[in-house]
Every structure is written in C-alpha cells, then in structure tokens.
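Protein chains in written order, with our numbering: chain A, -1 to 534; chain Z, 4 to 269.
Here's the structure we're looking at; comments come further down.
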Amino acid sequence: MTKRGQKLVKVLFASMLLTLTVALGGCSGDKAGGDSTQIADTPSTENSEANAGTANETEDAKSHITIGIPQDLDSLVPSLSQGAGTQEILFNIYEGLVKPDSEGNLIPAVASDYSMSEDGLVYTFTLREGIKFHNGNPVSVADVKYSIETCAGLNGGEPVISAFSNVASVETPDERTVVITLKEASSSFVAILSTAEAAIVPADAEDLQNHPVGTGPYKFVSRSLQENVELERFDEYWGEPAHIKNITLKVIADSDSIVMNLKGGAIDMFARISTAQAAELGEDFEVLEGTMNLVQAMYLNNAVAPFDNEKVRQALCYAVNKQEILDFVSEGKGTPVGSSMFPAFGKYYVDLNDTYTTDIEKAKALLTEAGYPDGFSFTVKVPSNYQQHIDTAQVIAEQLKQIGVTANIELIEWETWLNDVYQGRDFEATLVGVDASTVTAGAMLSRFRSDAHNNFTNYNNAEYDAAYEEALAAETASDDDKATECYKKCETILAQTAANVYIQDICELVAIRKGFAGYEFYPLYIQDFSKLYITE
Amino acid sequence: MKKKKAYSTNFIIGAVITGIVLVMIIIGFIHTPYDITKMNSAVKLAPPSLKHLMGCDNFGRDIFSRVLKGMGNTFVIAFATVTIGAVCGVVIGAFTGFFGGWLDEVLMRINDVLFAFPSILLALVFVSIFGTGKYNVVAALGIAFIPSFARIVRGEFIKYREMDYVKSARLAGVSQIRIIFVHILPNTMTVLLSSIMIGFNNAVLAEAGMSYLGIGVQPPDASLGSMLSESQTYLFSAPWYAIFPGAMIILMVLGFSLLADGIKEK
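Dropping the structure here:
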C-alpha cells in the first residue's frame, strides 16, 4: 500500500509540475441525424434570458442539473491545472482579464477594457467596476497583479506557461488600472491572458485547492474526490447570470457506463459521447453535434526506435486509413486532419490530408528501406477512460497488421497517462487528442520545438525550429501574413516528416436530457454551464 | 470403490456442462470460424444468424469466435491463478500445519494480512504497480488466492498429524517430507479438490471483473469480462453482445460449482 501511496504522491507532484494543457477527447460522431442542428436550435440570448427570468424566481429549488465528467479535476488552483477536462470546468469558476466567447473572440472579463501601446510592449487594463469574488470581496488591482505575477513566475518560481516568461513587469498606477509590460512584443499575448492558468484569484487566498474563489458565473460549494463537485450560481456575477442554480458534476470514469447513467437518470448531460452511445439514448435525450477542437492522433515517441526513423513513421501513416477509422468508430463523422492543427483555427489551418493516402505497398516498401522488412511490434498506451481512443486504437492495430506491424494496446488510467506518458515521456506510441488553450497557432505548434518543455513526443527537427522562430519573429514585427505563412510551413513539416500518425478532429456529441437546453459549442475545449437553462 | 457409488445428479449435470465448456474452449484454441480481430463494417452489430451464430459486435467482429477465444483466455487465466494459489497454498498449509511452532505463527499471520484484503483490491494494487495485462493479472490473482488454500490445507494437516497412521509412520522412520506428501496429502484430496473447484469459480469471476475494469486482457484480444464491459453501451440495441458472454460466464461457473458439490457429496 505504501508503494501505491508513493505513486499517488508522485502523480500529484507531476500534476503540479506540469502546466500546459493536454487534452483528451473522448467522443465521436452523432446519430441524431441532420446537419449540425444545435446552433440553430439554441434560442437567442434574449429568449433564454426571458425564459430563465421566470424560471429563476419560481423554481430555484428545482433548478439543478447533474453533469457527467470523464475524470476528476486534477487541481482546483487555476495556475496548477493541467488537464483540458479540468480547465473546461474551471472556466465556469474562474475568469482571466479577458475570456473567450463561443465564437473564439476575446471578450473583456475581469478587465472591462484594455489598450496596447504603439510598440506592442505595454498593455493597459482597466479593472471592471464593482466586480466581486465569490467570497464577496471586491476584486482589486493587487489581486490582478498577484495573479499575473504568479503566472509569470515573478513571485518566485517558474512561469506556469512558457509564454508568460515574456512578462517583464506588472504595475498598478491607480486603483482601477493594471499595466503589463512585456519583454518582447507578441500578438498573441492577450489571448494567453484568457487561458485557464491566467485566471484572476484573490491575492490573500490561502487554500484555493480546497476553497476555490474566482469571479466566474458559478461558485464552488464542495467536492468529494473521485466522486463529485458541487457548484452554485454566483448571484453577484458581473455579467449575465447563469440560469441554473445548482450544478453537480459527477465523475463517470468508466466510459462504458455513461449510457446507463444517462438513461438511469443519474446524470442529465454528458459532453463527449460516442456515436454508438448516442444511438442508445433514445427519446429522452437531445444529441447535439459539434467538433471537439483537438487533434486526435497516434502520437509517436520520436526518440525511441523504431520511431526515430522517419521512414517507419511514414510507413505507419501510409498504412492507416483515416476514413475507415471514422466509419468504424463514429459512423463516418469527424474531420480528418493531416497535421497538428484543426479547421477551427481558420487562417492557420492547411489541409494536409493528402500527404499520405492509404497505400499498403508503399508502406511495406518504406519499412523495408528502413530495415524492417518483416515489420515490428510496439505498445500503444491508451487512456482507459476515453472509449473513442480505445476504439480507434483497435482499428489502427487491425490496419497495421496489413504491413506486418503489431500494435499492442495497453490501457492505462488517465492519471498514469499524465505521469508516465505526458510528463515522463515513457512510451512508444499513445493515442490521445491534443487541444489548444487559445486560438493562437503557437498553442498547437509550440510543443514540437525540440527544446519545448511539453514536447512529449520528443520531436526534433532543426528546420521546424527555424520555421517556428521565424514565425515568432514575424509576430513580434506584427507581420501577420508572414507569421501565418511560417506557421503553415511548420504544419507542413510535421506532416511531411510524419511526426505522428494524425487522424482527426473528433466530432463532439453532447447528450442532454430533454427539459434542458442552451448548450453552446466553443472553438476551444470549454464547457460553458452558465448558458444552460431549463425549458419546462 | 468409486464405481459402486452412483454419481450424484449434481455431479452429472456439472460434468456435462463443464464438458461442453471444455469442448468449446478446445475448439477456440484450434480454430475459430472468423479471425477474432477481423473487422467488417458490413455486419456492425448484426443480430445472430447462421453466418454469425451469436451476432457481431460494434466493429463487425464475430461474437461467437470472440466468445470461444474469450472463454479460452478466461479459462487459462483462471487455471493459472488456481494453480499458483493451490500449489503455494498446499506447500505453505502443509508445512505450517504439520510442523506448527514459530514458522506456523509467522506464515499464518502473513496469511491473515493477505486474507484481510479483498482479492480484487489486492490485484488492483498489484496491477497499478506492475502494469496491466494478462500475465500480471495471473500473478496478482494467484497471490491473492494463496491464503484460502493455505488455511484449508493447514486445518487438514493439523487434524491428521496426530493420527495413528502418521505416528506409526514416524516410528518407522519415514522422512517427514514423505509423510507430508505421500501419507497425509492424499487424505486431504476431497476437501482440496472441492476448494480448487470453488477457487476456480472465484478466479473466473475475478478475471471477468478485472477485464471488466479494463485491467485484465487488453483489447483487441477478448475475454468474457472485457466483452461484457464493451457490450454495455449496446445493451439495448444489440443485447446479444452482452447476453452470450454473460451466459458463458454463468455456464462455466455453474458447471464447476455443480462438480464441486458432487465431489463433496460423494
């Protein structure tokens, strides 16, 4: 038992060390038919407000929803949070100076306004008037200074996100103004302030882990480890208040039991379910369809044999048939991708799906050239709480048999995955989805620089590093076209060197019990509970 | 001797069921109608038919073939588990029961500690340290099964060591090892056999449980437990996916339980 205890400590410790988002998605296509209906079905804001207005007065006591989540939250302290599944929940509790809206734009949050100096080095934020923390205390510029400095590592310690090492100083000239000075101009700085890690927390908060205090539409009530988290509407929220009063987040770590829990009434909503699961739900549920905004791939450890050989990686890419995976796992739904970028990124996205069209002969030839004429065998680690990834891994294993390559699937727990694979880089291949914390190209691409601390695939390519540097330089010079072009070059290099076996941006299906509505899809890995409301 | 006494009904039914199960397992080892990992999108979740006796799963894999193979996996794991548990348990039980003294005290206290943990929990701890997979599950469950065998055998040995035939063997100068294994052990067989049968049942259920939790047999390989787990999502649209593996677990356990009863009654 002590060994297990040590392991737990190690996992917790690892969680604290890690800072960047890794995401994992767990779902797939939908069956509910029709083209993406959910946005059209969602009533406009005014409607929902009117609706909620009446509902709130009379039915507050009944105003409750239970939402299933696939894993417990790894940390309730925003600067220490790490899993995308955690950060998408913290989105409802904490806010940064700015926050993303459902279209991917940045909207003011804790700051009501901001301006940038000519040279792009000095950002001036105006604190929102009358904004309060969940504990009733007003938010002061000292809190903002403290939060940003913590992120930037200016209070001692390391910057929690590498992009924050760019912050030179945080000044508070008066009670409503915060001035952030950067070392180098960066066009993506404001976007980085919207990440979960950069949330504004009280400077005097002693124990955020057990008593989280933020400014978001929901406040934390209680938590039972590995079981549930209780949230309650924050009535003094500065913006449009949430509709539903109480939310229970229930941890459903076993993906096979999601349907049972939904049908049995234990949970009312689950954000990422598979096509098959959606098909089981029947009349009582609405299934909404969007995309998850992540890149699902078989990520390869580029530092271990045989994956240190580009030809081997390319052979795998030629052997894998993406369309077949989609057909088997998600009824053909989902968007195939060819590099570490998904379509929601707009101008940064290049369609690289044609880099490898399925060609078994070519794959075999490449393997022979690489010195593996008879194939080889490797282990692919898959987190056991994401059915979508498990299913995909099984299809890939079957496809790779055609070129004599044996993929042994090993299911591991999510916490173990974070510790061993993401942090320890102790793996040959792993099947997960990686998401972006902001809509900036760097959020997807920075991890493939050879010296990036979160380069868990150990990708090492001088040409890539150079192209990325060039992109950053162009950003500093505010040459947006040049930067975009360089980022596209980065994506192309990743595809051509077959850094990983890229598969798809998974189609996101959200199951929500009839009687609830208002779910909004974000271009990021976010769940916004404040928009949910009760219809009857 | 045996032939004079009629077999009990339980024993006969148990033997028939176990026989059927064993035949299926052997067939599964030699040949399955379809490749158990071969996917076919044309027959996804197809209901049972002449081509696919038990229907198909969500990848269009033949459930009958997977059940055959899965029974084999489950059987091998249960068999290996019980073998480890029984062999170690018999040796420990025999020595502690026969010799007593401080060795008995120490080993039995360790035994009590092991016994205090539910076997699944013990196996979970083991797997979380050494990783998942078939062989780790065998080792984990095997260790967890030692205490029950050790206790039963120890009890028997304490009963027999003061018997006259043992005493006379000692006087005749027979070595202690020989007394233990040749003179006493055969007398414990009835009790030991039925506890092996019961142990086997527990091992089948434990393996199914472990695979159900995703830490036993790894996909795409099949075991009855992992099939049950995977089928859960399709319980309403493709009930046959869950029913057949579930029924096979019941058959296996029922067969061995009846056999164990039959042996005890004799």
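All C-beta atoms in this analysis are idealised placements derived from N, C-alpha and C, irrespective of residue type, glycine included.
None of the values given here were measured: they were computed from a predicted structure.
Exercise. How long is the line joining the alpha carbons of A:Tyr500 and A:Asp306, rounded to whole angstroms?
Worked result: Indexing the first sequence from 1 puts residue 500 of chain A at position 502. Indexing the first sequence from 1 puts residue 306 of chain A at position 308. Approximately 17 Å between the Cα atoms of the pair.
Problem set entry | Proximal residues of chain A, C-beta to C-beta of Z:Thr236 below 7 Å | For the purposes of this step, residue 236 of chain Z is taken as the residue at position 233 of the second sequence. For Z:Thr236, the neighbours in chain A by C-beta distance under 7 Å run, in chain order, Asp254, Val257, Ala274, Gln275 and Glu278.
Exercise. Exposed or buried, A:Thr414, counting other C-beta atoms within 10 Å across all chains shown (16 or more means buried)?
Worked result: Mapped onto the first sequence, residue 414 of chain A falls at position 416. A:Thr414 should be labelled buried.
Exercise. Under 8 Å, do Z:Thr236 and A:Glu287 count as touching if we go by C-beta distance?
Worked result: Residue numbering aside, residue 236 of chain Z sits at position 233 when the second sequence is read from its first letter. Residue numbering aside, residue 287 of chain A sits at position 289 when the first sequence is read from its first letter. The answer is no: Cβ separation not under 8 Å.
For this session: Look at the Cβ atom of Z:Ser178, then the Cβ atom of Z:Thr77, and state whether they are nearer than 8 Å.
Result: The residue labelled residue 178 of chain Z in the question sits at position 175 within the second sequence. The residue labelled residue 77 of chain Z in the question sits at position 74 within the second sequence. No, they are not a contact pair.
Exercise. Z:Phe102 bridges to which residues according to DSSP?
Worked result: What you label residue 102 of chain Z is simply residue 99 of the second sequence in a count that begins at 1. Answer is none; Z:Phe102 lacks a bridge partner.
Exercise. If you draw a straight line from the C-alpha of Z:Glu165 to the C-alpha of A:Glu408, how long is it?
Worked result: Along the second sequence, read from residue 1 onward, the residue named residue 165 of chain Z stands at position 162. Along the first sequence, read from residue 1 onward, the residue named residue 408 of chain A stands at position 410. Near 53 Å, if we compare the C-alpha coordinates of A:Glu408 and Z:Glu165.
Exercise. Mind pulling the chain A residues with CB within less than 7 Å of Z:Gly217?
Worked result: Here residue 217 of chain Z is taken as the residue at index 214 of the second sequence, counted from 1. Z:Gly217 reaches chain A at Ser382 and Leu409, counting residues in chain order whose Cβ is nearer than 7 Å.
Exercise. Can you list the residues of chain A that Z:Asn61 reaches, using a CB-CB cut of under 7 Å?
Worked result: If you number the second sequence from 1, residue 61 of chain Z lands on position 58. Under the 7 Å cutoff, chain A gives Ala274.
For this session: Output the distance between the C-alpha atoms of Z:Val130 and Z:Gly75, rounded to the nearest integer angstrom.
Result: Indexing the second sequence from 1 puts residue 130 of chain Z at position 127. Indexing the second sequence from 1 puts residue 75 of chain Z at position 72. Cα to Cα, the separation comes out at about 22 Å.
Exercise. Which ranges would you report for the beta strand (DSSP E) in the segment 340 to 389 of chain A if only whole runs of at least 3 residues count?
Worked result: For the segment 340 to 389 of chain A, whole beta strand (DSSP E) runs of length 3 or above, ordered along the chain, are 375 to 381.
For this session: Entirely within the segment 74 to 99 of chain A and at least 4 residues each: give me those alpha helix (DSSP H) ranges in chain order.
Result: The segment 74 to 99 of chain A is shown to contain whole alpha helix (DSSP H) runs of 4 or more residues at 82 to 88, in chain order.
Exercise. Going by alpha carbons, who is nearest to Z:Ala147 out of Z:Val128, Z:Ile39 and Z:Pro36?
Worked result: One-based indexing of the second sequence puts residue 147 of chain Z at position 144. Among Z:Val128, Z:Ile39 and Z:Pro36, the Cα nearest to that of Z:Ala147 is on Z:Val128.
Exercise. Using a Cβ-Cβ distance under 8 Å, would A:Val393 count as near chain Z?
Worked result: Counted from its first residue, the first sequence places residue 393 of chain A at position 395. Interface residue, yes.
For this session: Compare the C-beta of A:Ile242 against all C-beta atoms of chain Z and say whether one is closer than 8 Å.
Result: Along the first sequence, read from residue 1 onward, the residue named residue 242 of chain A stands at position 244. No, its Cβ sits nowhere closer than 8 Å to a Cβ of chain Z.
Exercise. Can a CB atom of chain Z be found closer than 8 Å to the CB of A:Phe326?
Worked result: Here residue 326 of chain A refers to the residue found at position 328 when the first sequence is read from its first residue. A Cβ of chain Z is located within less than 8 Å of the beta carbon of A:Phe326.
Exercise. For A:Pro334, which residues from the same chain have a beta carbon less than 6 Å from its beta carbon, with the 5 sequence-adjacent residues on both sides left out?
Worked result: Here the question's residue 334 of chain A lines up with position 336 in the first sequence. Here the set comprises Lys320, Asn351 and Gln502.
Exercise. Along the chain, where does the beta strand (DSSP E) that runs through Z:Val128 open and close?
Worked result: In the second sequence, residue 128 of chain Z corresponds to position 125, counting from 1. Unbroken run through Z:Val128 is the alpha helix (DSSP H), Ser122 to Phe133; no beta strand (DSSP E).
Exercise. Just how far apart, CA to CA, sit A:Gly24 and A:Leu416?
Worked result: Here residue 24 of chain A is taken as the residue at index 26 of the first sequence, counted from 1. Here residue 416 of chain A is taken as the residue at index 418 of the first sequence, counted from 1. Here the model assigns A:Gly24 a pLDDT of 32, short of 50, so the residue's position is not dependable and the matter cannot be decided.
For this session: Check the DSSP bridge columns for A:Glu287 and list the partner residues they point to.
Result: To locate residue 287 of chain A, count along the first sequence from 1; it is residue 289. Paired residue(s): A:Leu507.
Problem set entry | Short Cβ contact (8 Å threshold) for Z:Val207 with Z:Ala81 | On the second sequence, residue 207 of chain Z is found 204 positions in, with the first residue counted as 1. On the second sequence, residue 81 of chain Z is found 78 positions in, with the first residue counted as 1. Yes, they are a contact pair.
Exercise. For A:Gly402 versus A:Asn259, is the C-beta distance shorter than 8 Å?
Worked result: Position 404 of the first sequence, counted from the start, is the residue given in the question as residue 402 of chain A. Position 261 of the first sequence, counted from the start, is the residue given in the question as residue 259 of chain A. A distance of 8 Å or more separates the beta carbons of A:Gly402 and A:Asn259.
Problem set entry | Within-8 Å CB hit, A:Ile388 to chain Z | Locating residue 388 of chain A in the first sequence gives position 390, counting from the first residue. Closer than 8 Å to some Cβ of chain Z, the Cβ of A:Ile388 qualifies, so yes.
Problem set entry | 8 Å Cβ shell around A:Glu93 - same chain, five flanking residues per side excluded | Position 95 of the first sequence, counted from the first residue, corresponds to residue 93 of chain A. Excluding residues within five positions, the ones whose Cβ falls inside 8 Å are Ala107, Val108, Ala197, Ile198, Gly212, Thr213 and Gly214.
Problem set entry | Contacts that A:Glu396 makes with chain Z (C-beta to C-beta distance below 9 Å) | Translated into the one-based positions of the first sequence, residue 396 of chain A becomes position 398. Thr40, Lys41, Met42, Phe62 and Pro223, listed in chain order.
For this session: Put Z:Met57 into one of helix, strand or coil per three-state DSSP.
Result: As a working note, residue 57 of chain Z is residue 54 in the second sequence. Assignment of Z:Met57 by DSSP, reduced to helix, strand and coil, places it in the coil class.
Exercise. Is the beta carbon of Z:Ala143 less than 8 Å from the beta carbon of Z:Ala126?
Worked result: Numbered from 1 along the second sequence, position 140 holds the residue referred to as residue 143 of chain Z. Numbered from 1 along the second sequence, position 123 holds the residue referred to as residue 126 of chain Z. Against a cut-off of 8 Å, the Cβ pair of Z:Ala126 and Z:Ala143 comes out as a contact.
Exercise. Is the beta carbon of A:Ser436 sitting closer than 8 Å to the one on A:Ile63?
Worked result: One-based indexing of the first sequence puts residue 436 of chain A at position 438. One-based indexing of the first sequence puts residue 63 of chain A at position 65. The question names Ser, yet the displayed sequence has Thr at residue 436 of chain A. The Cβ atoms of A:Thr436 and A:Ile63 do not sit closer than 8 Å to each other.
Exercise. Out of A:Ala509, A:Pro521 and A:Leu78, which has the shortest C-alpha to C-alpha gap to A:Ala269?
Worked result: Taking the first residue of the first sequence as 1, we reach residue 269 of chain A at position 271. The residue with the shortest Cα to Cα distance from A:Ala269 is A:Ala509.
Exercise. Checking contacts by CB at 8 Å: is Z:Ser68 closer than that to chain A?
Worked result: Taking the first residue of the second sequence as position 1, residue 68 of chain Z is located at position 65. Chain A, which has no Cβ nearer than 8 Å to the Cβ of Z:Ser68, makes this no.
Exercise. Are the CB atoms of A:Lys379 and A:Phe425 nearer to each other than 8 Å?
Worked result: The residue labelled residue 379 of chain A in the question sits at position 381 within the first sequence. The residue labelled residue 425 of chain A in the question sits at position 427 within the first sequence. A contact, by the Cβ cut-off of 8 Å.
For this session: Mind checking who A:Glu408 pairs with in its DSSP beta bridge?
Result: Residue numbering aside, residue 408 of chain A sits at position 410 when the first sequence is read from its first letter. Residue pairing from DSSP places A:Glu408 in a beta bridge opposite A:Lys379.
Exercise. What is the residue span of the beta strand (DSSP E) that A:Val429 lies within?
Worked result: Start at 1 with the first residue of the first sequence, and residue 429 of chain A comes out as number 431. Residue identity differs from the one stated: residue 429 of chain A is Leu in this sequence, not Val. A:Leu429 -> beta strand (DSSP E) spans Ala427 to Asp433.
Exercise. Helix, strand or coil for Z:Ala204 per DSSP?
Worked result: By one-based count along the second sequence, residue 204 of chain Z stands at place 201. For the sequence presented, residue 204 of chain Z should be read as Asn rather than Ala. DSSP places Z:Asn204 in helix when its eight states are reduced to three.
Exercise. Around the C-beta of A:Ile491, are 16 or more other C-beta atoms found within 10 angstroms, so that it is buried, or is it exposed?
Worked result: Looking up residue 491 of chain A in the first sequence gives position 493. It is buried - the Cβ of A:Ile491 has at least 16 other Cβ atoms within 10 Å.
Exercise. Z:Lys162 lies in the alpha helix (DSSP H); which residues open and close that run?
Worked result: Walking along the second sequence from the start, residue 162 of chain Z turns up at place 159. That run of the alpha helix (DSSP H) goes Lys137 to Arg164.
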